[in-house]
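Read through the structure below, which is laid out as structure tokens, and then see the notes.
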Amino acid sequence: MYAQLLRQVLMPLYETIKGKNLLQNINQYQAHLTWTPEQLRAHQWRELKKLLQHAFDNTTFYPEIWAQVGVHSVDDIQSMQDFAKLPLVTKDDIAHHYQSLVAKNYSNNIKKATGGSTGQPFRFELNVDSNTRREAVMWRGYGWLGAGLGEKTLYLWGADIGQPTKLKALKNNLYHAFYHRKMMNSFAMNSNNMQEYIDEINRYRPKALVSYVNPLYELARYIIANKLTVFAPNSILTGAEPLHDFQRKIIEQAFNCPVYNTFGCREFMLMAAECQNHKQLHINSDHLVVETVNEEGQAITAESGDLVVTDLYNYGMPLIRYVNGDKATLINEPCGCSNPLPIMGSIDGRKLDIIKTASGKAIPGELFPHLFKEFIGIDKFQVKQTDISSLQILLLTNAHFVEQNKADIAKEINKYADNELTLIFQLVDDIPLTASGKHRVTICEI
């Protein structure tokens, strides 16, 4: 009922006042689901060519690096095979060449920061239209899983860092109420307060529940172990980390409803969402170009590789063949359901260790990327736990880092650890990689 009111009355009025066009974009992206795979590929190629020309004309970074592989004009790129020969762009590239990536004809970009799930907090920009489009893509994917715009939804998700003012808290509550959703802080949940979370779910009675994987899995285990009854939503959507079959089974058992996986990152928001048949993750190929490459940077399918992503509509700061730090397996075959979007077989390599305390608290690893993104003086980080009473915090810093940052970090961690952990800060020159050449953000050895 409210979803219909929001879409037909409240949202059009709000968008008229604000000059936005989210609903129009949602409807356009929804219409793409009636296309054939061939139509989707043709659309993707048209939009990609426009983006490439824009980046060539309005940034200094791309013409320079493309020239290194013999591309001196966008006309030199005549196929996706040609596109795959363009150089990869890394977080380091963007950090070192930031201004040369910002389009000279876009001055009102939205500035964003990622949590750095690879251990490197990362800043970027996007234009307003791109931001609206990615919101629309998110609502489309959530919509086909029952958590669409205006549907009553409870989010077990990471909270904003810091203590909001009363005015900010009021604005947040009104904002979420407008979208018909309730937010619960997954970072603050532990074995001592899980009953409070269950009580709130039972009180709110959401149509859909959206959550990080591990906190919801731990909550489901608690429900089963204590033989508790919890309200069953129509669907549960998980994200932020890979969903394993054993976790899906436990969550579905506890909540007595289907669980669907989603995949995204802050740079692109929702990249893929599972279909209702639980077949595969469908990639938003009408909004993104998603590739996987091996260690030599060569395009691959049907095996795990580094994800390479291009946002077709970020004209403010084009991210073209950007290596986002995740690994996945792409499958070049149809899903078999009615959704024409291409599929991703699996998401690999994003699990973050949980930090523990003596009283039984379990602090999700996702807290730390979320926290460290707030500090421009930190280039790279790692938290490591080797005993139950302490936590090592390794920081690779720059000139913006100040001593007060340590106190701010400690205060935020202790919101969830209740001062049970001795925090040991170490400023280092480097943070070693694992034997497989990867950087682990959180390490728990107990």
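The sequence shown begins at 1 in the UniProt record's numbering and counts up one residue at a time.
Note that the Cβ used here is the ideal one computed from N, Cα and C, for glycine as well.
These numbers come from a predicted model, not from an experiment.
Out of the options, state which residue places its alpha-carbon closest to the alpha-carbon of residue i.
i, options, result
"Phe124", "Ser191, His97, Thr153, Thr132", "His97"
"Gly148", "Asn419, Glu445, Gly325, Asn234", "Asn234"
"Met1", "Tyr179, Leu228, Glu296", "Tyr179"
"residue 448", "His54, Val69, Tyr416", "Because the chain here runs from 1 to 446, residue 448 falls outside it and cannot be looked at."
"Ile94", "Cys337, Gln392, Thr59", "Thr59"
"Met138", "Ser304, His287, Ala399", "His287"
"Glu135", "Tyr313, Tyr416, Glu412, Thr397", "Tyr313"
"Ala417", "Trp144, Asn192, Tyr175, Glu47", "Asn192"
"Lys50", "Val428, Tyr315, Leu395, Lys384", "Tyr315"
"Val259", "Pro242, Met269, Arg266", "Pro242"
"Thr442", "Phe255, Cys275, Gln392", "Gln392"
"Asn185", "Leu174, Leu219, Lys166", "Leu219"
"Ser130", "Asn25, Thr16, Glu38", "Asn25"
"Ser359", "Leu421, Thr329, Val402", "Leu421"
"Glu403", "Leu86, Ile378, Val230", "Ile378"
"Arg7", "Glu303, Lys18, Trp45, Leu23", "Leu23"
"Met317", "Leu88, Leu33, Asn108", "Asn108"
"Glu412", "Pro63, Gly146, Phe187", "Phe187"
"residue 453", "Glu196, Gly19, Thr310", "No statement about residue 453 is possible, as the shown extent of the chain runs from 1 to 446 and does not include it."
"Leu126", "Met194, Asp326, Ile110", "Ile110"
"Thr357", "Leu330, Asp387, Leu88, Asn332", "Asp387"
"Met80", "Ile331, Arg46, Thr34, Leu216", "Arg46"
"Asn405", "Leu427, Ser390, Asn419", "Leu427"
Is residue i helix, strand or coil when you go by DSSP?
i, result
"Lys382", "For clarity, residue 382 is Gln in the given sequence; the question names Lys instead. Gln382 falls in the strand class under three-state DSSP."
"Gly437", "Confidence at Gly437 is low in this model, with a pLDDT of 46, below 50, so its placement is unreliable and the value that follows should be read with caution. Coil at Gly437, not helix or strand."
"Tyr212", "strand"
"Leu270", "strand"
"Tyr14", "helix"
"Asp311", "strand"
"Ala407", "helix"
"Gln8", "helix"
"residue 449", "Beyond the ends of the chain as shown, which are 1 and 446, falls residue 449; an answer cannot be given."
"Glu295", "coil"
"Gly19", "coil"
"Ala103", "coil"
"Gly143", "helix"
"Lys415", "helix"
"residue 526", "There is no way to answer for residue 526, as the model of the chain reaches only from 1 to 446."
"Met138", "helix"
"Leu421", "coil"
"Leu219", "helix"
"Ile300", "coil"
"Met1", "coil"
"Ala399", "coil"
"Ser130", "helix"
"residue 447", "The displayed coordinates of the chain run from 1 to 446. Any statement about residue 447 would go beyond what the structure contains."
"Ile388", "coil"
"Ile224", "helix"
Per DSSP, what are the beta-bridge partners of residue i in this structure?
i, result
"Trp157", "Asn185"
"Gln426", "Leu394"
"Lys111", "Glu125"
"Gly345", "According to DSSP, which records beta bridges pairwise, Gly345 is partnered with nothing at all."
"Ala328", "Gly305, Ile347"
"Val290", "Val309"
"Tyr322", "Val89, Val309"
"Lys356", "Ala362"
"Gly239", "Tyr212"
Tell me where the beta strand (DSSP E) around residue i begins and ends.
i, result
"His282", "281-283"
"Ile443", "442-444"
"residue 455", "Since the first residue shown for the chain is 1 and the last is 446, residue 455 is missing from the structure and cannot be characterised."
Could you please give the first and the last residue of the uninterrupted alpha helix (DSSP H) stretch that includes residue i?
i, result
"Tyr29", "22-31"
"Asn202", "194-204"
"Ala177", "166-178"
"Asn58", "37-58"
"Ile77", "Neither: Ile77 is in no alpha helix (DSSP H) and is coded neither H nor E."
"Pro63", "61-67"
"Gln245", "Correcting the residue identity first, residue 245 is Asp in this sequence and not Gln. Segment 245-255, the alpha helix (DSSP H) holding Asp245."
"Phe372", "367-372"
Hey, does residue i have any beta-carbon neighbour from chain D nearer than 7 Å?
i, result
"Cys335", "This model lacks chain D altogether; it includes just one protein chain."
> Just checking, does the stretch 353-370 make contact with the stretch 150-169 on the three C-beta pairs under 8 Å criterion?
Replying inline: With the cut-off at 8 Å, the stretch 353-370 and the stretch 150-169 touch.
> Per the contact definition of three or more C-beta pairs closer than 8 Å, is the stretch 231-245 in contact with the stretch 205-223?
Replying inline: The answer is yes - the stretch 231-245 touches the stretch 205-223, with three or more Cβ pairs under 8 Å.
>> Between the stretch 333-347 and the stretch 371-382, can you find at least three pairs of beta-carbon atoms closer than 8 Å?
In response: no
> Does the stretch 307-321 touch the stretch 331-339, meaning 3 or more C-beta pairs lie closer than 8 Å?
Replying inline: Segments in contact, no.
> How about the stretch 71-79 and the stretch 180-191: do they share at least three Cβ pairs that are nearer than 8 Å?
Replying inline: no
> Do the stretch 270-281 and the stretch 246-261 touch if we need at least three Cβ pairs shorter than 8 Å?
Replying inline: Contact between the stretch 270-281 and the stretch 246-261 is present, because at least three Cβ pairs lie under 8 Å.
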